[in-house]
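Q: Take a look at the following structure, please.
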Amino acid sequence: MNKPERPNSYRSLPDADGHFGLFGGRYVAETLMPLILDLEKAYREAKADPAFKAQMDDLMKNFVGRPSPLYFAERLTGHFGGAKIYLKREELNHTGAHKINNCIGQILLAQRMGKKRIIAETGAGQHGVATATVAARFGLECVIFMGETDIERQKPNVFRMNLLGARVVPVQSGARTLKDAMNEALRDWVTNVDSTYYLIGTVAGPHPYPELVRDFQSVIGIETREQMLAAEGRLPDTLVACVGGGSNAIGLFHPFLDDESVAMTAVEAAGRGIETGQHAASISAGSLGVLHGNRTYLLQDDDGQITEAHSISAGLDYPGVGPEHGYLNDVGRVQYVSATDREALDAFQLCCQLEGIIPALESSHALAHVAKVAPALPRDHLIVVNLSGRGDKDIFTVADALGAKI
Amino acid sequence: MTTTPGRIERRFAELRAEGRAAFVSFITAGDPNLEQSEAILAGLPGAGVDIIELGMPFTDPMADGPAIQAAGLRALASGQTLRKTLGMVERFRGTDNDTPIVLMGYYNPIYKYGVDAFLSDAVQAGVDGLIVVDLPAEEDAELCEPAVAAGIRFIRLLTPTTDDKRLERVIANCSGFLYYVSVTGITGAAQGAQDAVGAARKRFAAKSDLPVVVGFGIRTADAVAEIAAVADGAVVGSAIVDRIAKNLGPSGGLTDGGVRDVLGFVADLASGVRRAEQPLAAGGAR
Ligand SMILES: Cc1ncc(COP(=O)(O)O)c(C=O)c1O
Chain A
423 MNKPERPNSY RSLPDADGHF GLFGGRYVAE TLMPLILDLE KAYREAKADP
473 AFKAQMDDLM KNFVGRPSPL YFAERLTGHF GGAKIYLKRE ELNHTGAHKI
523 NNCIGQILLA QRMGKKRIIA ETGAGQHGVA TATVAARFGL ECVIFMGETD
573 IERQKPNVFR MNLLGARVVP VQSGARTLKD AMNEALRDWV TNVDSTYYLI
623 GTVAGPHPYP ELVRDFQSVI GIETREQMLA AEGRLPDTLV ACVGGGSNAI
673 GLFHPFLDDE SVAMTAVEAA GRGIETGQHA ASISAGSLGV LHGNRTYLLQ
723 DDDGQITEAH SISAGLDYPG VGPEHGYLND VGRVQYVSAT DREALDAFQL
773 CCQLEGIIPA LESSHALAHV AKVAPALPRD HLIVVNLSGR GDKDIFTVAD
823 ALGAKI
Chain B
14 MTTTPGRIER RFAELRAEGR AAFVSFITAG DPNLEQSEAI LAGLPGAGVD
64 IIELGMPFTD PMADGPAIQA AGLRALASGQ TLRKTLGMVE RFRGTDNDTP
114 IVLMGYYNPI YKYGVDAFLS DAVQAGVDGL IVVDLPAEED AELCEPAVAA
164 GIRFIRLLTP TTDDKRLERV IANCSGFLYY VSVTGITGAA QGAQDAVGAA
214 RKRFAAKSDL PVVVGFGIRT ADAVAEIAAV ADGAVVGSAI VDRIAKNLGP
264 SGGLTDGGVR DVLGFVADLA SGVRRAEQPL AAGGAR
């Protein structure tokens with residue numbers, strides 16, 4: 423494929439129709455079209471309204487607990503003996519992951535739009551918990567779609583959602599994971615158009631979702647920038663984040679996209695190994711297609727049928743990726759690599775033992791990449807890893823993988 | 014739009030002369046397998062079907078209910094592909110050169126096939142129209158415009174959320190007929206009320222000369238008759254697909270007599286358009 427031209431700014435997209443170059447768009451049923459046009463309008467109005475920003479800032483500070491620290495990981499740094507490693511501590515947010523940042527923004531939009539019922543899809547359950555949390559906080563009905571396979575491997579989060587008053591609907595189609603949950607959420611939305619707000623959990627879906635989710639997550643990169651300047655007096659050299667749909671990665675990256683000195687690496691889930699076909703690496707090993715409202719890289723067969731993703735981490739177990747990531751890959755601004763289940767498990771344990779932090783299995787993929795590159799980098803090379811979530815939800819999966827009984 | 018009349022236009026002209034609405038049936042290509050699906054397809058015109066919608070199976074049918082989801086999975090499990098679906102149409106044309114066939118599905122398999130290659134093979138096979146659920150007017154450059162240029166009608170779904178503001182844009186590049194989804198929801202949902210359907214029909218007639226066909230949730234001959242009284246056509250999908258499912262044997266294929274049972278059911282549904290009041294008898298805008 424031809425490499426798209428280098429733009430003046432990487433931060434000016436999407437265009438008015440929601441395209442990031444070839445990627446993105448609005449591939450939805452006609453029933454939903456008026457809804458996403460309304461959402462776009464509501465979002466533009468909110469962005470221009472100082473009251474919206476004030477409300478958002480207040481909730482981010484007092485409800486979520488922001489800013490999240492940028493923490494110097496001294497022992498990981500010493501262990502690898504190379505680059506200086508900082509962790510952006512999104513796992514310390516209320517509900518334990520970056521997902522809440524986006525949920526705060528969208529619940530305020532839903533409220534502005536007068537919606538009474540919130541639906542969402544979830545994989546790891548982190549987005550489901552974050553959605554249930556904001557729905558409870560604002561007194562809105564909440565229904566979460568979750569694949570049966572994921573319900574099985576993320577039981578603590580299912581119970582959390584129930585405690586928060588959400589109804590968790592088990593999805594039985596396909597491989598019963600995140601993709602199928604998203605299909606079912608879209609089916610619900612087409613049916614309940616008047617009452618319902620669809621709170622998408624990542625930078626996927628039809629325009630304007632990839633844009634607005636990115637904007638709400640950009641707080642991660644904006645804070646990191648200030649914090650790194652305060653700590654080191656300069657910008658970081660490399661940013662590393664895991665990618666499922668890509669919201670924690672784009673949130674960290676986006677504010678730095680036009681800083682040429684800052685390299686960025688996004689880590690996809692290689693599952694049992696790319697060569698086995700059992701992975702979730704849609705950029706590294708997928709091809710262009712259209713699913714869930716946008717054009718992007720997908721795991722699919724020659725007939726355009728979507729194939730099942732695999733990852734030990736439910737949050738990365740999705741056969742697509744946000745359209746802006748497809749674009750950033752094609753223009754060469756962000757490097758996309760992958761880490762296997764095994765590598766993530768190793769990094770998970772290392773982080774527990776050396777830093778006293780139990781990371782989410784998703785975030786462990788980013789740590790796994792750091793383990794590969796940090797040793798060879800000079801000691802003054804500053805790496806920021808997005809610690810997108812905490813791993814308490816994953817202890818059963820990890821115990822299983824390690825052959826431990828709890 | 015001025016195009017040379019194709020099978021769809023000729024069919025509606027005939028029906029107008031007969032003074033009745035069209036009976037439109039939906040089945041998923043390759044459900045439950047290529048051979049039996051082809052046998053059903055071949056029998057549809059004889060069972061009274063005026064226009065055939067043939068579903069192109071997709072792993073992620075976001076706008077379909079359980080019945081059509083299951084049909085798609087049966088077809089895919091038996092090895093159906095878009096190429097095989099075009100093959101079915103081509104063989105059908107060997108014996109029937111009059112019944113319009115509209116392919117219905119989602120964009121990704123077509124995109125993967127390649128839009129140009131797909132359109133040229135579809136024309137070759139004798140496909141008359143396309144309904145692609147996840148291509149709204151905003152994405153017309155993708156497939157709608159090239160399809161129309163290739164002589165294939167692009168039929169769009171209109172829904173209760175399609176307000177007057179959008180209507181013009183949605184109808185602008187539409188050809189063949191308008192497909193009114195009478196409820197907000199997925200296939201197999203409840204049927205829209207007859208008077209609401211009639212009102213919508215009038216709203217569209219003010220903007221377009223295209224026939225209006227109504228679908229989603231129509232399950233019986235009586236319901237077909239009811240809709241046929243206020244529209245130019247009635248579509249039945251999930252109910253037929255459910256009938257296929259009811260005839261499945263332990264091997265996954267239809268049991269003996271299954272094809273006949275499905276076609277008998279279709280014939281009963283089709284009788285609905287033949288006993289309906291003449292649609293828009295008072296001279297609606299045609
Ligand atoms: C902790 C954590 N990190 C990352 C992800 C992946 O999502 P995204 O790529 O949108 O950040 C998830 C998704 O559930 C998650 O829970």
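Protein chains in written order, with this note's numbering: chain A, 423 to 828; chain B, 14 to 299. Every residue gets a Cβ at the ideal spot worked out from N, C-alpha and C, and that includes glycine. Here the structure is a predicted model, which is why all the values come from computation and not from measurement.
Does the distance between the C-beta of GLY569 of chain A and the nearest non-hydrogen atom of ligand 1 fall short of 7 Å?
A: Translated into positions along the first sequence, residue 569 of chain A becomes position 147. Flag unset: Cβ of GLY569 of chain A not near ligand 1.
Q: State yes or no: is the C-beta of ALA519 of chain A within less than 8 Å of the C-beta of TYR508 of chain A?
A: Within the first sequence, the letter at position 97 stands for residue 519 of chain A. Within the first sequence, the letter at position 86 stands for residue 508 of chain A. Not in contact: ALA519 of chain A and TYR508 of chain A (Cβ atoms no closer than 8 Å).
Q: Among residues of its own chain, excluding the 5 on either side of PHE131 of chain B, which ones have a beta-carbon nearer than 7 Å to its beta-carbon?
A: As a first step, residue 131 of chain B must be located in the second sequence, where it is residue number 118. The residues are ILE123.
Q: Using a Cβ-Cβ cut-off of 8 Å, state whether PHE442 of chain A counts as contacting chain B.
A: Numbered from 1 along the first sequence, position 20 holds the residue referred to as residue 442 of chain A. No, PHE442 of chain A does not count as interfacial toward chain B.
Q: Using the Cα positions of ASP129 of chain B and LEU514 of chain A, report the straight-line distance between them to the nearest angstrom.
A: Position 116 of the second sequence, counted from the start, is the residue given in the question as residue 129 of chain B. Position 92 of the first sequence, counted from the start, is the residue given in the question as residue 514 of chain A. Roughly 51 Å separates the two Cα atoms.
Q: Leaving out five residues before and five after GLU31 of chain B in sequence, what residues of the same chain have Cβ atoms less than 6 Å from its Cβ?
A: Residue 31 of chain B sits at position 18 when you count from the first residue of the second sequence. Closer than 6 Å at Cβ, skipping near neighbours: no residue.
Q: Taking Cβ-Cβ distances shorter than 8 Å, what residues in chain A pair up with ARG169 of chain B?
A: As a working mapping, residue 169 of chain B is identified with position 156 in the second sequence. By Cβ distance, chain A contributes GLU452.
Q: Taking only the alpha-carbon atoms, compute the straight-line gap between ALA685 of chain A and SER221 of chain B and give it to the nearest angstrom.
A: In the first sequence, the residue the question calls residue 685 of chain A occupies position 263. In the second sequence, the residue the question calls residue 221 of chain B occupies position 208. Approximately 54 Å, taken between the alpha carbons.
Q: Mind listing the chain A neighbours of ASP177 of chain B? Cutoff is C-beta to C-beta under 9 Å, in chain order.
A: Counting from 1 along the second sequence, the entry for residue 177 of chain B is found at position 164. Neighbours of ASP177 of chain B on chain A: none; closest Cβ ~11 Å, over 9 Å.
Q: Tell me, please, whether the stretch 623–637 of chain A touches the stretch 95–106 of chain B by the rule of three or more beta-carbon pairs shorter than 8 Å.
A: Result no; under three Cβ-Cβ pairs closer than 8 Å.
Q: Say the cut is 7 Å; is the CB of LYS521 of chain A nearer than that to a heavy atom of ligand 1?
A: Along the first sequence, one-based indexing puts residue 521 of chain A at 99. For ligand 1, at least one heavy atom lies less than 7 Å from the Cβ of LYS521 of chain A.
Q: Going by beta carbon distance, what residues of the same chain come within less than 6 Å of ASN670 of chain A, once the five residues before and after it are set aside?
A: As a working mapping, residue 670 of chain A is identified with position 248 in the first sequence. The answer, listed in chain order, is HIS520, ALA663, ASN808 and SER810.
Q: For MET117 of chain B, report the span of its beta strand (DSSP E) as first-last.
A: Within the second sequence, numbered from 1, the residue matching residue 117 of chain B stands at position 104. Residues 114–118.
Q: Based on Cα-Cα distance, which residue from B:GLU66, B:ALA244 and B:ILE240 lies nearest to PHE167 of chain B?
A: Against the second sequence, residue 167 of chain B aligns to sequence position 154. Ranking the options by Cα distance to PHE167 of chain B, first place goes to B:GLU66.
Q: Does the separation of the CB atoms of ALA90 of chain B and ILE257 of chain B fall below 8 Å?
A: In the second sequence, residue 90 of chain B corresponds to position 77, counting from 1. In the second sequence, residue 257 of chain B corresponds to position 244, counting from 1. In this structure, ILE257 of chain B does not lie closer than 8 Å to ALA90 of chain B by Cβ.
Q: State yes or no: is the beta carbon of ASN605 of chain A nearer than 8 Å to at least one beta carbon in chain B?
A: Taking the first sequence and counting its residues from 1, the one referred to as residue 605 of chain A is at position 183. It does; some Cβ of chain B falls within 8 Å.
Q: Could you tell me which residues DSSP pairs with GLU66 of chain B in its beta bridges?
A: Locating residue 66 of chain B in the second sequence gives position 53, counting from the first residue. Answer is B:PHE39 and B:VAL115.
Q: Considering PHE560 of chain A, what are the terminal residues of the alpha helix (DSSP H) in which it resides?
A: Locating residue 560 of chain A in the first sequence gives position 138, counting from the first residue. Where PHE560 of chain A is concerned, the enclosing alpha helix (DSSP H) stretches over 548–560.
Q: Does any C-beta atom of chain B lie closer than 8 Å to the C-beta of LYS601 of chain A?
A: The sequence position of residue 601 of chain A within the first sequence is 179, counting from 1. By this cut-off, LYS601 of chain A is an interface position.
Q: Locate the alpha helix (DSSP H) running through LYS97 of chain B, then write down its first and last residues.
A: Against the second sequence, residue 97 of chain B aligns to sequence position 84. From DSSP, the alpha helix (DSSP H) with LYS97 of chain B extends over 95–106.
Q: To the nearest angstrom, how far is the alpha carbon of ARG428 of chain A from that of PRO79 of chain B?
A: Along the first sequence, one-based indexing puts residue 428 of chain A at 6. Along the second sequence, one-based indexing puts residue 79 of chain B at 66. Each residue's Cα considered, the two are about 45 Å apart.
Q: Can you tell me whether GLN49 of chain B is buried or exposed, with buried defined as 16 or more other CB within 10 angstroms of its CB?
A: Position 36 of the second sequence, counted from the start, is the residue given in the question as residue 49 of chain B. Buried, since its Cβ has 16 or more Cβ neighbours within 10 Å.
Q: Please compile the residues from chain B whose C-beta is within a distance smaller than 9 Å of the C-beta of ASP439 of chain A.
A: Stepping through the first sequence from its first residue, residue 439 of chain A is reached at position 17. The contacting residues are GLU151 and GLU152.
Q: Closer than 9 Å between beta carbons: that is the criterion. Which residues of the stretch 110–140 of chain B meet it against chain A?
A: Cβ contacts with chain A: TYR119, TYR120, ASN121, PRO122, ILE123, TYR124, LYS125 and TYR126.
Q: Please work out which residues of its chain come closer than 7 Å, Cβ to Cβ, to ARG497 of chain A, disregarding the five sequence neighbours upstream and downstream, and give them in chain order.
A: Taking the first sequence and counting its residues from 1, the one referred to as residue 497 of chain A is at position 75. Within the same chain, ARG497 of chain A has close Cβ partners LEU776 and GLU777.
Q: How many whole angstroms separate the CB atoms of GLY246 of chain B and PRO263 of chain B, which I take to be in contact at a CB cut-off of 8 Å?
A: Residue mapping note: residue 246 of chain B aligns to position 233 of the second sequence, counting from 1. Residue mapping note: residue 263 of chain B aligns to position 250 of the second sequence, counting from 1. That pair is no contact at about 37 Å.
Q: Hey, ILE705 of chain A and GLU690 of chain A are a contact pair by Cβ (cut 8 Å); roughly how many whole angstroms apart?
A: On the first sequence, residue 705 of chain A is found 283 positions in, with the first residue counted as 1. On the first sequence, residue 690 of chain A is found 268 positions in, with the first residue counted as 1. Sure, about 6 Å apart at Cβ, within 8 Å.
Q: Note down, in chain order, all residues in the stretch 66–78 of chain B with a beta-carbon under 9 Å from any beta-carbon belonging to chain A.
A: Going along the stretch 66–78 of chain B in chain order, one finds PRO70, PHE71, THR72, ASP73, PRO74, MET75, ALA76, ASP77 and GLY78 with a Cβ nearer than 9 Å to chain A.
Q: Based on Cα-Cα distance, which residue from B:GLY228, B:GLY277 and B:GLN137 lies nearest to ILE64 of chain B?
A: Numbered from 1 along the second sequence, position 51 holds the residue referred to as residue 64 of chain B. Ranking B:GLY228, B:GLY277 and B:GLN137 by Cα distance to ILE64 of chain B puts B:GLY228 first.
Q: Please return the same chain residues whose Cβ sits closer than 6 Å to the Cβ of GLN639 of chain A, not counting the five positions on each side in sequence.
A: The residue labelled residue 639 of chain A in the question sits at position 217 within the first sequence. Excluding sequence neighbours, GLN639 of chain A sits near ASN523, ASN524, SER669 and GLY673.
Q: How many Å lie between ALA295 of chain B and LEU171 of chain B at the Cα?
A: For this step, residue 295 of chain B is matched to residue 282 along the second sequence. For this step, residue 171 of chain B is matched to residue 158 along the second sequence. A caution first: ALA295 of chain B carries a pLDDT of 39, below 50, which makes its placement in the model too unreliable to give a value.
Q: What is the DSSP secondary structure of GLY297 of chain B, reduced to helix, strand or coil?
A: By one-based count along the second sequence, residue 297 of chain B stands at place 284. With a pLDDT of 40 at GLY297 of chain B, under the threshold of 50, the modelled position of this residue cannot be trusted; read the value that follows with caution. The answer is coil: DSSP assigns GLY297 of chain B none of H, G, I, E or B.
Q: Buried or exposed: which applies to ASP177 of chain B, given that a residue is buried once 16 or more other Cβ atoms fall within 10 Å of its Cβ?
A: Here the question's residue 177 of chain B lines up with position 164 in the second sequence. ASP177 of chain B is exposed by the Cβ-count criterion.
Q: Beta-carbon within less than 8 Å of LEU492 of chain A's beta-carbon, same chain only, minus the 5 sequence neighbours each way: which residues are those?
A: Position 70 of the first sequence, counting from 1, holds the residue named residue 492 of chain A. Counting only Cβ-Cβ distances below 8 Å, and skipping sequence neighbours, we find TYR508, LEU509, LYS510, ARG511, GLU645, THR646, GLN649, MET650, ALA653 and VAL806.
Q: LEU837 of chain A: buried (16+ other C-beta within 10 angstroms of its C-beta) or exposed?
A: The question about residue 837 of chain A has no answer, for chain A in this structure spans 423 to 828.
Q: Between SER706 of chain A and chain B, is the shortest Cβ-Cβ distance under 8 Å, so that the two count as touching?
A: Residue mapping note: residue 706 of chain A aligns to position 284 of the first sequence, counting from 1. It does not; no Cβ of chain B falls within 8 Å.
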